[in-house]
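Report on the structure given below.
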Amino acid sequence: MSTTMVMPAATTEEKLRQIQNAKAETEALRHQIVYRKNQVLDATLPEVASGTPPLGDLRLRGRSVFKGHIGKVYSMKLSRDDQYLVSAAQDGIVLVWDAYTTSKCEAIPLENSWVLACAASPDNRLLATGGLDNVCTISPLQEESVLLDERNKRRSRIRPRTPLCKLKGHRGYVSEIEFLGDDGRHVITASTDMSVCVWDVEKGERVLALSDHLGDVNDLATTRDPNILASAAADNTVKLWDVRQRPPRSIQTFHAECELNTVDFFPDGNAVAAGGEDGVVRLYDRRCDCRIGVYGSADELNQAVTSIKFTPSGRLLVTGWRDGSFGQWDILKNVWLSHSPGHSAEITNIQVAHDGHRMYTSSWDSTLRAWEP
């Protein structure tokens, strides 16, 4: 007669001890990896670019002010063709602007007034919005019905849109939205439920749930490769994702010393920059899998970085701050080129035209502004 040995169940204290041991082992392994990376990091970016001539002073001048919102502007995006700006604010309205004349082309009242993120599809047909309702809503951006104003000089559409679909699945509010690729078929969302989701717009369903973060996901960035995206989160990390990866998981992780608010890809997609609560911007290279640049000092700065954007050449990194000011870093020389007052409240988004000749900022002061050299 055979007997079966039954192992006693682990107590709660033993489970907690095992978890703590696993965390300690993981942290030790991470420090070993960082140590090995630092051993082969034989030069900094400014040292390698020491022979590159400096750019000099590049002060930007305010070109125009976009007024129309009556609440904090939470999100602002520039269309792929540089012709339109889309902005969402605390007043519960999405405005579509002519980027050159500042005229309002569309005024779209929303079902949820607490919209924190918006994006237009590459062909300007679809509008994606999300916020405190934990839902990403897809609506038509253009409709045939047109109302002419009393001067009969410009078209202004002010009717609400009937949503095409509502993408539900997040357990926290939607903090950022981007369209993935050039066909407008997929949209990606970041949320405070610590996940990034990829959605099929035509089917109205979730394709992927990327959940490697251990904190609120604050920002997203896409690159020319429609399969690669980056996310910045409150767990002090930037994670890179390949949507083709199965099972879905991050393909690279870069660590910082504080919560990260914003992220952007270098124009060629081989590097990524992130700005955080300590006022420092960090630059990471995907090929060497390490940090290659640090811009600013936590000891000198007492303002959080709220938005960053590379210029088309990649030489300049425009940085916006919580106090409403902004400026540009020369990433090769690690030199702060200019500092502009900008807005009277926190800058929420920075967009740069594809020709590099114009830049746009949005702010909690309810305005958008255009800037030129």
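Each residue of the sequence shown is one higher than the last, beginning at 56 in the numbering used here.
Idealized CB from N, CA, C, for every residue including glycine.
A quick note: this is a predicted structure, and the numbers were derived from the prediction, not measured.
Classification of residue i by the beta-carbon crowding that lies within 10 angstroms, buried from 16 upward
i, result
"ALA79", "exposed"
"GLU199", "No answer about GLU199 holds up, because its pLDDT of 45 lies below 50 and its placement is not dependable."
"GLY351", "buried"
"LYS294", "buried"
"ASP238", "exposed"
"LEU196", "buried"
"SER250", "buried"
"ASN282", "exposed"
"SER417", "buried"
"ARG91", "exposed"
"ASN76", "exposed"
"LYS70", "exposed"
"SER362", "buried"
"ARG341", "buried"
"ARG209", "For ARG209, the pLDDT reaches just 47, beneath the cut-off of 50, and the residue's location in the model is therefore unreliable, although a value from the coordinates is still provided. It counts as exposed."
"THR67", "exposed"
"THR292", "buried"
"GLU257", "exposed"
"LEU372", "buried"
"GLU231", "buried"
"LEU96", "exposed"
"LEU288", "Reading the sequence as shown, one finds Ala at residue 288 and not Leu. ALA288 is buried by the Cβ-count criterion."
Closest Cα partner of residue i within the set the options
i, options, result
"ASP420", "GLY411, GLY397, MET414 and GLN406", "GLY397"
"GLN435", "VAL120, ARG424 and ARG346", "Shown here, the chain extends from 56 to 428; a query on residue 435 therefore has no answer."
"GLY330", "THR67, ASN404 and ARG279", "ASN404"
"ARG216", "ARG180, TYR228, GLU231 and TYR339", "ARG180"
"GLY147", "HIS124, SER134 and LEU140", "HIS124"
"LEU140", "PRO177, PRO109, PRO108 and GLY126", "PRO177"
"THR107", "ARG370, ASP378 and GLY411", "ARG370"
"TRP169", "SER417, ILE163 and GLY186", "GLY186"
"LEU423", "GLY411, HIS412 and ILE402", "ILE402"
"GLU260", "ASP274, ASN273, PRO428 and THR244", "THR244"
"ILE88", "ALA143, ALA425, ASP344 and TYR415", "ASP344"
"THR277", "PRO322, ARG240, ASN167 and VAL262", "PRO322"
"LEU275", "VAL229, VAL262, GLN300 and HIS86", "VAL229"
"SER142", "LEU110, ALA175, GLY117 and ARG118", "ALA175"
"PRO450", "LEU110, GLU102 and THR66", "Given a span of 56 to 428 for the chain in the structure shown, any question on residue 450 remains unanswerable."
"ARG413", "ILE74, LEU100 and ARG118", "ARG118"
"ALA183", "PRO101, ALA288 and VAL242", "VAL242"
"PRO367", "GLU233, VAL298, PHE320 and ASN291", "PHE320"
"ARG240", "TRP426, ASP255, THR81 and PRO101", "ASP255"
"MET131", "CYS173, LEU165, VAL120 and PRO164", "CYS173"
"ARG299", "PRO101, VAL262 and GLU312", "VAL262"
"ASP120", "LEU100, PRO101, THR157 and HIS86", "The question names Asp, but residue 120 is Val in the sequence shown. Answer by Cα proximity: THR157."
"VAL272", "GLU257, PRO302 and HIS225", "HIS225"
"ARG135", "PRO302, GLU233 and PRO303", "GLU233"
"ALA425", "ARG304, LYS122, ASN167 and ILE74", "LYS122"
Under 8 Å between C-beta atoms of residue i and residue j
i, j, result
"VAL318", "VAL327", "yes"
"LEU387", "ALA104", "yes"
"VAL190", "LYS223", "yes"
"SER395", "LEU115", "yes"
"SER194", "LEU219", "yes"
"ASP248", "GLY270", "no"
"LEU456", "ALA162", "This structure cannot settle anything about residue 456, because the visible part of the chain is limited to 56 through 428."
"TRP296", "LEU265", "yes"
"GLY324", "ASP280", "yes"
"ASP153", "HIS409", "no"
"LEU133", "GLN406", "yes"
"GLU312", "ASP333", "yes"
Inter-residue CB distance, residue i and residue j (contact presumed, cutoff 8 Å)
i, j, result
"GLN145", "TYR155", "That pair is no contact at about 26 Å."
"ASP188", "SER393", "Incorrect: roughly 39 Å between the Cβ atoms, too far for contact."
"LYS159", "THR192", "21 Å between Cβ atoms; not a contact."
"VAL360", "THR374", "6 Å"
"HIS34", "SER286", "The first residue shown for the chain is 56 and the last is 428, placing residue 34 beyond what the model contains."
"TRP376", "GLN358", "4 Å"
"SER399", "GLY382", "Not quite, the Cβ-Cβ distance comes to about 16 Å (not below 8 Å), so this is no contact."
"LEU315", "LEU284", "With a Cβ gap of about 15 Å, LEU315 and LEU284 do not count as contacting."
Residue-chain proximity (residue i, chain B), Cβ-Cβ < 8 Å
i, result
"ARG299", "Chain labels in this structure do not include chain B; a single protein chain is all it has."
message = Could you tell me which whole beta strand (DSSP E) segments of length 3 or greater appear in the segment 318-346?
response = Taking only runs of at least 3 residues, the beta strand (DSSP E) segments lying wholly in the segment 318-346 are 326-331 and 336-340.
query = What are the start and end residues of each continuous alpha helix (DSSP H) run of 4 or more residues lying completely inside the segment 94-157, in chain order?
reply = List check, alpha helix (DSSP H) in window: 100-103.
ask   = Whole beta strand (DSSP E) runs in the segment 168-200 with 3 or more residues, listed along the chain?
value = If we require 3 residues or more, the beta strand (DSSP E) runs fully inside the segment 168-200 come out as 170-175, 181-186 and 190-195.
message = Extract the residue ranges of the beta strand (DSSP E) inside the segment 200-288, only unbroken runs of 3 or more that lie entirely within it.
response = Listed in chain order, they are 220-223, 229-235, 241-246, 251-255, 260-265, 272-277 and 283-288.
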